[in-house]
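Below is one structure, written out as structure tokens; the observations come after it.
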Amino acid sequence: MKVRKASHCSYRIRYHMVFVVKYRSDLITDDVFDFMKEICRGISKRYYLWFDALRHEDDHIHIVVESAPKNSPSRIMQICKSILAIQIFKKFPKLKEELWGGEFWSDGGHIDTVGDGRGLDDVKRYVENQGRKVGQLKLSRV
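In my numbering, each number is its position in the sequence shown, counted from 1, plus 123.
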């Protein structure tokens with residue numbers, strides 16, 4: 124893992140995060156996901172977050188993100204989820220109707236640290252291999 128440097132410290136901090144769509148709704152299409160990647164590029168420049176991997180299924184996304192120590196994991200999640208939701212609703216207003224005019228993401232999420240012991244390559248490979256497999260069954264609401 125690359126060591127980054129700030130004015131008075133050096134660090135290697137990475138997180139694996141999972142954000143789930145509210146009500147586990149299948150709203151993350153390829154178009155929505157491509158737009159999410161664009162938004163993440165903007166977040167990266169503005170907040171100095173580095174996205175190592177980004178993958179999705181219909182109802183959630185996986186992110187491997189690196190940050191400076193000044194950002195807590197919950198702050199990183201707050202930045203990403205809020206900006207993504209605002210921009211997605213602007214670009215795809217019909218999605219807001221699917222969620223009864225509410226929030227895009229479920230409350231909370233999953234945060235996992237990624238370090239030398241856990242293996243960044245293992246986590247990146249796990250995230251990159253997410254996605255529906257051809258023979259996989261899918262449950263749907265009746």
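Beta carbons are placed, not taken as given, at the ideal position from N, Cα and C, and that holds for glycine. These numbers come from a predicted model, not from an experiment.
**Report entry** Ile151, DSSP secondary structure in three states
**Finding:** Ile151: coil per DSSP, three-state reduction.
Report task. Kindly give me the distance between the Cβ atoms of Val143 and Ile211, rounded to whole angstroms, as I take these residues to be in contact under 8 Å. Result -> Between Ile211 and Val143 the Cβ distance is about 14 Å, and since that is not below 8 Å, they are no contact.
Query raised in the report: Based on the DSSP output, what are the partners of Lys128 in its beta bridges?
Result: In the DSSP output, where bridge partners are listed per residue, Lys128 has Ser133.
Query - Within 7 Å, strictly: CB atoms of Ile234 and Met159 - result: Contact check for Ile234 against Met159 fails: the beta carbons are separated by 7 Å or more.
Query - Element boundaries [alpha helix (DSSP H), containing Phe212] - result: In the DSSP assignment, Phe212 falls within the unbroken alpha helix (DSSP H) covering Pro196 to Lys214.
Report task. Return the Cβ separation of Val188 and Leu172 in integer angstroms, given the expectation that the two are a contact with Cβ distance under 8 Å. Result -> Yes, Val188 and Leu172 are in contact; Cβ-Cβ is about 5 Å, under 8 Å.
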